[in-house]
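A.B. asks:
Numbering (my numbering), first residue to last: 160 to 227.
1. With distance defined between alpha-carbon atoms, name the residue in 200, 180, 186, 188 nearest to residue 160.
2. Could you tell me how far apart the beta carbons of residue 177 and residue 168 are, in whole angstroms, since I believe they sit closer than 8 Å?
3. So, at 6 Å on beta carbons, what are the nonlocal neighbours of residue 192 in its own chain, with the 5 sequence-adjacent residues on each side left out?
4. Based on Cα-Cα distance, which residue from 184, 171, 218, 220 lies nearest to residue 205?
5. Within 10 Å of its beta-carbon, does residue 239 have 16 or more other beta-carbons around it, so buried, or fewer, so exposed?
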């Protein structure tokens, strides 16, 4: 689904940006341009970013729990 029509940013692109290492809304904005023009998408973009970061952190934490 498109989140930012102004810049053509999808939810998939936001998740990919987080998977590539972005760990804040500001970093996602810098990489994608989402929320930088009219700003109407910022709330949805932030929510998707927060959920994606949480999922990434939890996945890496689960990997560490079993490391020996």
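Glycine included, every Cβ here is placed at the ideal spot set by N, Cα and C.
C.D. replies: Well, looking at it:
1. As a first step, residue 160 must be located in the chain shown, where it is residue number 1. Comparing Cα-Cα distances from residue 160 to each of 200, 180, 186, 188, the minimum goes to 200.
2. If you number the chain shown from 1, residue 177 lands on position 18. If you number the chain shown from 1, residue 168 lands on position 9. Going by Cβ atoms, the distance from residue 177 to residue 168 rounds to 13 Å, so no, they are not a contact pair.
3. In the chain shown, counting from the first residue as 1, residue 192 sits at position 33. Once the five neighbours on either side are set aside, the close Cβ partners of residue 192 are 166.
4. Taking the chain shown and counting its residues from 1, one reaches residue 205 at position 46. Comparing Cα positions, the closest option is 184.
5. Any property of residue 239 remains undetermined from this structure, which presents the chain solely from 160 to 227.
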